[in-house]
Amino acid sequence: MIRYGDVGGVHIKYLYHCPRQLWLYVRGVRPEHLSATVQLGKAVHDSTYTRNSPVDLGAAKLDFVDGQQWVHEVKSSSRPTAGDRAQGLHYCHQLHRLGVEAQGAILHYPSTRRTERLPYTGEAAAQAEADIQAVLDVTAASSSPERLARSRCRGCSFTDYCWME
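Structure follows, in structure tokens:
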């Protein structure tokens, strides 16, 4: 289904947000284009930090890397989530695998003018490896994970798919 090297930031973010969302995404269910939340995120991304060039690693697309080797990710939400943190550190992990000594990730939240700095440590590297394995395990399952409590689905572009009855 999906291989180790194909695990990107979206997979990590979906793993943390909802394993069912990850499982569906890998199987080609992609309702994101219908979501106002996703459209807002794209607009924030396209209008923020426009002087920096994105970095395309194939499965992973980083917003930008500065001259001191810090990965920068621009987020449309107002506060950091575990998925945001895991995604930023996953990008550091991917860069390390390619021989680039990323120092860590800086998450930017333009709507609240907040940033969060996450150093890339040995512990972060071990968690990134565990996250990749968790993505592989979820996506290899023959049936989808159980859906979350409906209250956790607010704003998710997969809500209609999961809760259609």
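FYI, the numbering for the sequence shown is 2 to 166, going by the working numbering. Beta carbons are placed, not taken as given, at the ideal position from N, Cα and C, and that holds for glycine.
Sorry if obvious, but does the Cβ on P120 come closer than 8 Å to a heavy atom of the ligand MN?
In terms of ligand content, the structure shown is empty, and the ligand MN therefore cannot be addressed.
Quick check on this structure: which residue in L63, L119, L96 has the alpha carbon closest to the alpha carbon of A83?
L119
Check whether the segment 101 to 117 and the segment 69 to 78 touch, using three or more Cβ-Cβ pairs below 8 Å as the test.
Proximity of the segment 101 to 117 to the segment 69 to 78 meets the contact definition, three or more beta-carbon pairs being nearer than 8 Å.
Return the bridge partner residues of A106 from the DSSP annotation.
In DSSP, A106 forms a bridge with V72, L119.
State yes or no: is the beta carbon of W164 nearer than 9 Å to at least one beta carbon in chain D?
No chain D is part of this structure, which consists of one protein chain only.
So, do the segment 14 to 23 and the segment 131 to 148 have three or more beta carbon pairs nearer to each other than 8 Å?
Three or more Cβ pairs drawn from the segment 14 to 23 and the segment 131 to 148 lie within less than 8 Å of each other, which places the two stretches in contact.
Taking the alpha-carbon positions, what's the S78 to F159 distance?
18 Å
Given a cut-off of 9 Å, decide if L16 and A87 are closer than it, judged by their beta-carbon atoms.
yes
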